[in-house]
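In the numbering used here, the protein residues as written are -8 to 491.
Beneath this line is the structure, given in structure tokens, with notes to follow.
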DNA sequence: AAAAAAT
């Protein structure tokens, strides 16, 4: 969410929706939220809505099913949680017995950390109300969660696996859920999550309001999503898959063996106080983190093979500034809100272009500026082409001049206790002394993708027209549709039973 | 070529 002065900087590239009840102004006070919520919003210093909030809140209040697309870091969580909380406060469910405590709103997220964060935000908005907000996810003891659920919660935030555990253990009652939100909806609907998601949805009433939010929506996912929505409305304030304009995106062509060196050099040259370095595999993540540690950087690894305790600690330490470099897999790609993060590195080019958008969305949040560096090897040409097409921006590959010296050892000399964290890492002396013998490297390959307007390909400036959301075509079953979408086989039913 | 999410 943006504060007043920031709001104008990220003016909406509005895609008008015909039935759009645009609020009178961008002030939170103009949409008539319950005073209890307005107070909570004010507590956090917010007065002005972001574009996605201004556009989505009236429709959510009006009870519409929504597919919401807006760039990363523009306040999607508040866009759905404030109006839902408002409705829950206004409409006390008279039929519900006070002895039972049915969940009324369910929010599902793709990672534990994101579920945690979303729950924390919603708790903030609900702070002055009596609504109870809980979060459940795997990797930690189930008992405290069970206890909390049994005492009753109105808003439940969850990751899919643990939620199913609780459902099947009858720890929570979901047959009176009125509102469902899929955060990072395109991820929740992808092949890996879909079976769990479908099972969860099968426990919910058909009659409900469903909200889908993400910064990225492929046309295929949009179509699939329709089958879970009733008379849905597409709310978008930027072309889907758009990257934030306040993030400087650089692409350097480097040799695989030079990548580590390149990160160290750029950290120094750009005087970056902190950065997330994304890698594609858990093993690579652990190795790179260890290597940075040997170079004297304060480093943590964050990936799915770490214990939940370690994961949370790594994230907290990074947020607190006691760690400079967080090496992470795509577990950290989506949704995480790390205030004032100056830079994101793609040590590996992500396999999915969508993940590129989400990764770099960790910087430049709430209108701040950010730097996104992607290291590109010759094997990555196709992936870069995919990204170019997705974000509809021309990608200029640049050479990166590396010193011939070995990766800087001067980092080692920097003691952990000295050197305030705002200071840039110490200069690598060896690197400074030796003249660069390597000539400035040429990009390894030609431009991977040039738009061809005569072939109907979009030009960089012109955003693709918004895709209208139409009704579900009833003759295609969602499962089949997914199989068709991905050209892949769905998990065989036997595979599930085999695991016992 | 992978990661994530239950144990």
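For every residue, glycine included, the Cβ atom is placed at its ideal position computed from N, Cα and C.
Predicted, not measured: the structure shown is a model, and the values here were computed from it.
Secondary structure in the segment 192 to 236: the beta strand (DSSP E) runs of 3 residues or longer, each lying completely within the stretch, are 200 to 205 and 224 to 227 in chain order. Excluding its 5 nearest sequence neighbours in each direction, residue 96 has C-beta neighbours in its own chain below 6 Å: 75, 146 and 170, listed in chain order. A direct Cα-Cα distance of roughly 28 Å separates residue 329 from residue 201. Beyond the five residues adjoining it in sequence on each side, residue 203 comes within less than 6 Å, by CB distance, of 58, 173, 176 and 216 in the same chain, given in chain order.
Within the same chain, Cβ atoms closer than 7 Å to the Cβ of residue 212 are found at 177 and 180, the five residues on either side in sequence being excluded.
Around the beta carbon of residue 361, 16 or more other beta carbons lie within 10 angstroms, which makes this residue buried. Following the DSSP letters along the chain, one finds residue 338 in no alpha helix (DSSP H), marked with neither H nor E.
Its Cα nearest to that of residue 392, the residue 245 stands out among 262, 245 and 288. If you check the CB distance, residue 377 and residue 271 do not come in under 8 Å. At least 8 Å separates the beta-carbon of residue 155 from that of residue 94. Among the bridge pairs identified by DSSP, residue 372 is matched with none.
In terms of Cα proximity to residue 363, the closest of 237, 303, 249 and 289 is 237. Rounded to the nearest whole angstrom, the C-alpha separation of residue 18 and residue 38 is 6 Å. Taking a C-beta distance under 8 Å as the contact criterion, residue 365 and residue 343 do not qualify as a contact pair. For the 8 Å CB-CB criterion, residue 125 and residue 144 form a contact. With three or more CB-CB distances shorter than 8 Å, the segment 229 to 243 counts as touching the segment 341 to 358. Residue pairing of residue 26 in beta bridges, as defined by DSSP: absent, with no partner found.
In the three-state DSSP reduction, residue 291 falls in the strand class (E or B). The beta carbon of residue 28 sits closer than 7 Å to those of 73, 76, 77 and 116, all from its chain and outside the five residues before and after it, given in chain order. Residue pairing of residue 174 in beta bridges, as defined by DSSP: 204.
The C-beta distance from residue 296 to residue 273 rounds to 5 Å, short enough to meet the 8 Å contact threshold. Separation of residue 293 and residue 275 (C-alpha to C-alpha, rounded to the nearest whole angstrom) is 11 Å.
The Cβ-Cβ distance between residue 269 and residue 319 falls below 8 Å. The Cβ atoms of residue 191 and residue 151 sit closer than 8 Å to each other. Closest in C-alpha terms to residue 52, from the list 242, 129 and 69, comes 69. With contacts defined by Cβ atoms closer than 8 Å, residue 381 and residue 345 form a contacting pair.
Here the C-alpha atom of residue 62 lies approximately 7 Å from the C-alpha atom of residue 231.
Boundaries of the alpha helix (DSSP H) harbouring residue 42: 42 to 52, taken from the DSSP string. With at least 16 other beta carbons inside 10 angstroms of its own, residue 65 counts as buried.
For residue 275, the uninterrupted alpha helix (DSSP H) run begins and ends at 273 to 285, by DSSP. The beta carbon of residue 389 sits closer than 6 Å to those of 243, all from its chain and outside the five residues before and after it, given in chain order.
Shown here, residue 183 sits in coil according to DSSP, grouped into three states, outside any helix or strand. Counting only the Cα atoms, residue 288 lies some 24 Å from residue 104. Judged by DSSP secondary structure, residue 151 falls within the alpha helix (DSSP H) whose first and last residues are 151 to 159. Taking 8 Å as the cut-off, the Cβ atoms of residue 323 and residue 205 do not count as close. Residue 153 sits close to residue 128, with the two beta carbons spaced by under 8 Å.
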